[in-house]
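Enquirer:
Chains as they are written, first to last, in our numbering: chain A, 1 to 325; chain B, 326 to 649.
#1: Across which residues does DSSP place residue 159 of chain A in a beta bridge pair?
#2: Work out the CA separation of residue 362 of chain B and residue 537 of chain B for me, nearest whole Å.
#3: For the 8 angstroms Cβ check, are there 3 or more pairs between the stretch 449-469 of chain B and the stretch 559-577 of chain B?
#4: Quick one: does residue 76 of chain A have its CB under 8 angstroms from some CB of chain B?
#5: Using only CA atoms, which one of B/431, B/543, B/603, B/464 lies nearest to residue 369 of chain B?
#6: List, in chain order, every chain B residue whose beta-carbon is nearer than 9 angstroms to that of residue 117 of chain A.
#7: Nearest-angstrom Cα distance between residue 353 of chain B and residue 121 of chain A?
#8: Please state whether DSSP places residue 115 of chain A in a helix, a strand or coil.
#9: Would you list the residues sitting across from residue 561 of chain B in a DSSP beta bridge?
#10: Name the chain A residues that come within less than 8 angstroms of residue 354 of chain B, Cβ to Cβ?
#11: Is there a Cβ of chain A sitting closer than 8 angstroms to that of residue 473 of chain B, yes or no?
#12: So, at 8 angstroms on beta carbons, what are the nonlocal neighbours of residue 611 of chain B in its own chain, with the 5 sequence-adjacent residues on each side left out?
#13: With 8 angstroms as the threshold, decide whether the Cβ of residue 616 of chain B is near any Cβ in chain A.
#14: Pick from A/188, A/248, A/175, A/314: whose alpha carbon is nearest that of residue 292 of chain A?
#15: Measuring alpha carbon to alpha carbon, tell me which of A/111, A/322, A/92 ends up nearest residue 213 of chain A.
#16: In or out: residue 514 of chain B buried (at least 16 other Cβ within 10 Å) or exposed?
#17: State the start and end residues of the unbroken alpha helix (DSSP H) segment that holds residue 322 of chain A.
#18: Shorter than 8 angstroms from the beta carbon of residue 295 of chain A to some beta carbon of chain B?
#19: Using a C-beta to C-beta distance shorter than 8 angstroms, which residues of chain A count as neighbours of residue 443 of chain B?
#20: DSSP three-state call for residue 60 of chain A: helix, strand or coil?
#21: Mapping the DSSP letters down to three states, classify residue 145 of chain A as helix, strand or coil.
#22: Determine the chain B residues that contact residue 151 of chain A at a beta-carbon separation under 7 angstroms, and present them in chain order.
#23: Could you pull the start and end residues of the alpha helix (DSSP H) that residue 475 of chain B belongs to?
#24: Check for me: the alpha helix (DSSP H) holding residue 585 of chain B runs from which residue to which?
#25: So the alpha helix (DSSP H) residue 509 of chain B belongs to, where does it begin and stop?
#26: Measuring only between beta-carbons, confirm whether residue 330 of chain B sits less than 8 angstroms from chain A.
#27: Is there at least one Cβ from chain A nearer than 8 angstroms to residue 458 of chain B's Cβ?
#28: By alpha-carbon positions, which one of A/90, A/106, A/100 ends up nearest to residue 131 of chain A?
#29: May I ask you to list the residues that DSSP assigns as paired with residue 485 of chain B?
#30: Short of 6 angstroms in beta carbon distance, which residues of its chain neighbour residue 61 of chain A, apart from the five on each side in sequence? Order them along the chain.
#31: Starting from residue 237 of chain A, follow its DSSP beta bridges and name the residues at the other end.
#32: Alpha carbon to alpha carbon, what distance is there between residue 440 of chain B and residue 307 of chain A?
#33: In this structure, how does DSSP classify residue 554 of chain B when only helix, strand and coil are distinguished?
#34: Answer with yes or no whether the minimum CB distance from residue 290 of chain A to chain B is below 8 angstroms.
#35: Quick one: complete alpha helix (DSSP H) runs, 4+ long, within the stretch 40-88 of chain A?
#36: Identify whether residue 130 of chain A lies in helix, strand or coil by the three-state DSSP scheme.
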């Protein structure tokens with residue numbers, strides 16, 4: 001596949017997501033009179049903001065040909081350390097530092113396992129997922145931590161300007177940072193090279209392991225940030241916090257057009273997918289459709305998304321063959 | 326060489342499990358009572374069955390995240406059937422459980438084989454879909470033990486020679502798998518298809534077809550376990566065995582199955598399951614909260630992964646097989 005047609009395909013993919021988004025807005029607006037209210041829409045964004053914070057670095061990681069399944073477990077671990085620190089009377093800035101620090105350390109452990117330990121990333125992060133979540137359960141058992149200072153709630157419940165929440169502002173800023181990094185810098189190009197052909201990248205003098213380590217560390221740090229936001233919004237910590245999110249976040253990234261084989265994907269695509277999924281979630285809630293039905297839709301979409309290019313390729317190939325004869 | 330290192334690994338894991346048993350027994354002699362050991366085996370039986378199926382899938386370079394959802398869906402199907410036709414007996418229930426499981430597994434397999442889709446994405450998708458279907462099928466209701474017939478509940482508990490039918494099933498399955506994987510052509514084909522798909526293709530073996538077969542067998546086992554699970558715990562609802570797929574994969578990884586495919590033994594997998602089973606049953610006895618189980622599993626997976634990666638270091642220093 002030449003680069004031009006790939007670029008064309010990506011463009012098509014994103015415009016398709018855009019169309020789905022418009023369709024969604026029209027559908028929900030016509031089904032529920034409460035949907036097109038600026039505060040309703042503002043509320044709806046909480047359905048994807050925390051997940052999107054992790055989806056951004058995870059997209060880079062998957063483009064680089066790796067994967068991290070432990071992100072939701074890192075949220076749980078970071079939330080538990082924050083909860084314990086809050087119990088010791090640590091103030092809000094200290095809590096944020098604890099949350100981010102825990103995430104960074106957890107991400108660095110993943111990175112070290114993959115680069116120094118030479119463990120395939122899926123095995124390493126299945127292990128650390130079990131480990132991190134396990135530590136959260138071991139420490140907390142069936143207890144709940146909720147000694148958070150009142151000022152801590154600002155991150156998850158505060159608003160920057162009018163109905164624009166702090167969480168959404170943060171996601172927009174991060175999306176721009178990650179987008180510029182991936183699409184406009186040399187490091188971003190290197191990440192594509194890494195995923196498209198790691199051996200060629202290594203022979204071209206790319207410090208492959210350093211990139212991998214940094215990507216895992218940043219993913220961990222972002223999971224720590226998501227833990228700060230989610231804990232602040234909920235105001236409490238249970239060891240089951242963010243259970244199953246890893247799959248939702250990976251679905252988000254793949255629906256955004258990132259290839260699980262690495263080397264392909266864009267930040268605008270991932271952000272569009274985040275908004276689309278968040279709105280579906282919210283809209284179905286508005287229509288009293290149970291969340292589990294949503295999982296059927298997301299699951300089918302996920303398979304459809306990876307199957308569609310294959311089927312389309314096969315179809316055009318057979319058409320070409322027919323024309324040739 | 327691979328054979329030897331695998332045998333050595335199994336031996337080491339076996340010694341670790343025995344050591345674990347010895348330590349617990351030294352502190353709590355009642356743990357080694359035959360009755361209690363039988364209970365440990367009964368408790369690990371479903372994990373062993375599922376891990377054997379998962380092993381086939383991982384051997385052929387796949388992964389099946391949908392086993393627990395498949396189990397739950399097939400379990401709900403037979404629970405509803407049993408509720409509506411309590412007099413039909415257990416045979417149709419078994420046929421139905423295995424059939425529904427195999428069908429769900431076949432769907433995974435066809436998507437991976439025919440469309441060449443990445444296994445992790447396919448089974449991630451079908452996991453959500455299967456789980457959602459349980460809700461649609463049951464309307465979110467529970468099927469409780471008073472809605473299950475006596476033979477439906479009784480079969481798994483029936484004891485032969487001091488062991489439950491459930492435990493015997495695991496033993497028989499492990500024995501059959503151990504024999505088939507070592508001495509039959511199709512057993513060796515799984516190793517060939519996963520160890521080196523290109524070479525396997527040249528010998529006339531379709532690795533994709535083996536993958537599809539592995540998924541179907543894994544699915545059939547998951548379906549059977551659906552009945553076993555529902556009958557053992559005497560309840561069926563949307564969330565049964567939620568997240569259990571990770572414990573199954575963990576058991577395989579602890580047992581030495583390589584995620585890159587082609588490496589793994591039945592003995593290793595069974596020992597991996599027993600390791601988890603012994604810890605799970607010993608923890609409450611030693612007075613450690615069962616909440617530690619998950620953390621211990623995590624530590625063991627990480628340790629096992631680092632150790633086995635080290636051993637194959639020479640092979641994968643530059644050419645890395647992608648694990649997904």
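Built from N, CA and C at the ideal position, the CB exists for glycine as well. None of the values given here were measured: they were computed from a predicted structure.
Expert: Quick answer:
#1: Residue mapping note: residue 159 of chain A aligns to position 159 of the first chain, counting from 1. Residue 159 of chain A pairs with A/165.
#2: For the purposes of this step, residue 537 of chain B is taken as residue 212 along the second chain, with counting starting at 1. For the purposes of this step, residue 362 of chain B is taken as residue 37 along the second chain, with counting starting at 1. Each residue's alpha carbon lies about 36 angstroms from the other.
#3: Flag = yes, the stretch 449-469 of chain B and the stretch 559-577 of chain B touch.
#4: Counted from its first residue, the first chain places residue 76 of chain A at position 76. Not closer than 8 angstroms to any Cβ of chain B, the Cβ of residue 76 of chain A fails to qualify, so no.
#5: On the second chain, residue 369 of chain B is found 44 positions in, with the first residue counted as 1. Ranking the options by Cα distance to residue 369 of chain B, first place goes to B/603.
#6: Numbered from its first residue, the first chain carries residue 117 of chain A at position 117. Within chain B, the residues near residue 117 of chain A are 627, 630, 631, 634, 635.
#7: Within the second chain, the letter at position 28 stands for residue 353 of chain B. Within the first chain, the letter at position 121 stands for residue 121 of chain A. Near 39 angstroms, if we compare the C-alpha coordinates of residue 121 of chain A and residue 353 of chain B.
#8: One-based indexing of the first chain puts residue 115 of chain A at position 115. Residue 115 of chain A: helix per DSSP, three-state reduction.
#9: The count along the second chain starts at 1 and reaches residue 561 of chain B at position 236. Its beta-bridge partners are B/468.
#10: Taking the first residue of the second chain as position 1, residue 354 of chain B is located at position 29. Simply none; closest approach about 27 angstroms.
#11: Position 148 of the second chain, counted from the start, is the residue given in the question as residue 473 of chain B. Chain A contact via Cβ: absent.
#12: Mapped onto the second chain, residue 611 of chain B falls at position 286. If the five residues before and after residue 611 of chain B are omitted, its C-beta is found closer than 8 angstroms to the C-beta atoms of 349, 352, 353, all from its own chain and listed in chain order.
#13: The count along the second chain starts at 1 and reaches residue 616 of chain B at position 291. Residue 616 of chain B counts as touching chain A.
#14: Locating residue 292 of chain A in the first chain gives position 292, where the first residue counts as 1. Comparing Cα-Cα distances from residue 292 of chain A to each of A/188, A/248, A/175, A/314, the minimum goes to A/248.
#15: To locate residue 213 of chain A, count along the first chain from 1; it is residue 213. Comparing Cα-Cα distances from residue 213 of chain A to each of A/111, A/322, A/92, the minimum goes to A/111.
#16: Stepping through the second chain from its first residue, residue 514 of chain B is reached at position 189. Buried is the call here.
#17: Within the first chain, numbered from 1, the residue matching residue 322 of chain A stands at position 322. Its alpha helix (DSSP H) spans residues 291-324.
#18: On the first chain, residue 295 of chain A is found 295 positions in, with the first residue counted as 1. True, the Cβ-Cβ gap to chain B drops below 8 angstroms.
#19: Within the second chain, residue 443 of chain B is the residue found at index 118, counting from 1. Ordered by position in chain A, the residues that pass the 8 angstroms Cβ test against residue 443 of chain B are 260, 261, 306.
#20: The sequence position of residue 60 of chain A within the first chain is 60, counting from 1. Correct three-state label for residue 60 of chain A: helix.
#21: In the first chain, counting from the first residue as 1, residue 145 of chain A sits at position 145. It is a strand residue.
#22: For this step, residue 151 of chain A is matched to residue 151 along the first chain. Ordered by position in chain B, no residue passes the 7 angstroms Cβ test against residue 151 of chain A, which lies about 31 angstroms from the chain.
#23: For the purposes of this step, residue 475 of chain B is taken as residue 150 along the second chain, with counting starting at 1. Here the alpha helix (DSSP H) through residue 475 of chain B covers 475-482.
#24: Reading the second chain from its first residue, position 260 is the one you call residue 585 of chain B. Where residue 585 of chain B is concerned, there is no enclosing alpha helix (DSSP H), given that its DSSP letter is neither H nor E.
#25: Counting from one through the second chain, the residue named residue 509 of chain B turns up at place 184. First-last for residue 509 of chain B: undefined, no H or E at that position.
#26: Translated into positions along the second chain, residue 330 of chain B becomes position 5. No, because no Cβ of chain A sits closer than 8 angstroms to the Cβ of residue 330 of chain B.
#27: For this step, residue 458 of chain B is matched to residue 133 along the second chain. So yes, residue 458 of chain B belongs to the interface.
#28: Position 131 of the first chain, counted from the first residue, corresponds to residue 131 of chain A. Comparing Cα positions, the closest option is A/106.
#29: Counted from its first residue, the second chain places residue 485 of chain B at position 160. Assignment of beta-bridge partners to residue 485 of chain B by DSSP yields B/488.
#30: In the first chain, counting from the first residue as 1, residue 61 of chain A sits at position 61. Once the five neighbours on either side are set aside, the close Cβ partners of residue 61 of chain A are 68, 215, 219.
#31: Numbered from 1 along the first chain, position 237 holds the residue referred to as residue 237 of chain A. Residue 237 of chain A is bridged to A/145.
#32: Locating residue 307 of chain A in the first chain gives position 307, counting from the first residue. Locating residue 440 of chain B in the second chain gives position 115, counting from the first residue. Straight-line Cα distance between these residues: approximately 7 angstroms.
#33: Counting from one through the second chain, the residue named residue 554 of chain B turns up at place 229. In the structure shown, residue 554 of chain B sits in a helix (DSSP, three-state: H, G or I).
#34: Position 290 of the first chain, counted from the first residue, corresponds to residue 290 of chain A. It does; some Cβ of chain B falls within 8 angstroms.
#35: 49-63, 71-87
#36: Counted from its first residue, the first chain places residue 130 of chain A at position 130. In this structure, residue 130 of chain A counts as helix in the three-state DSSP scheme.
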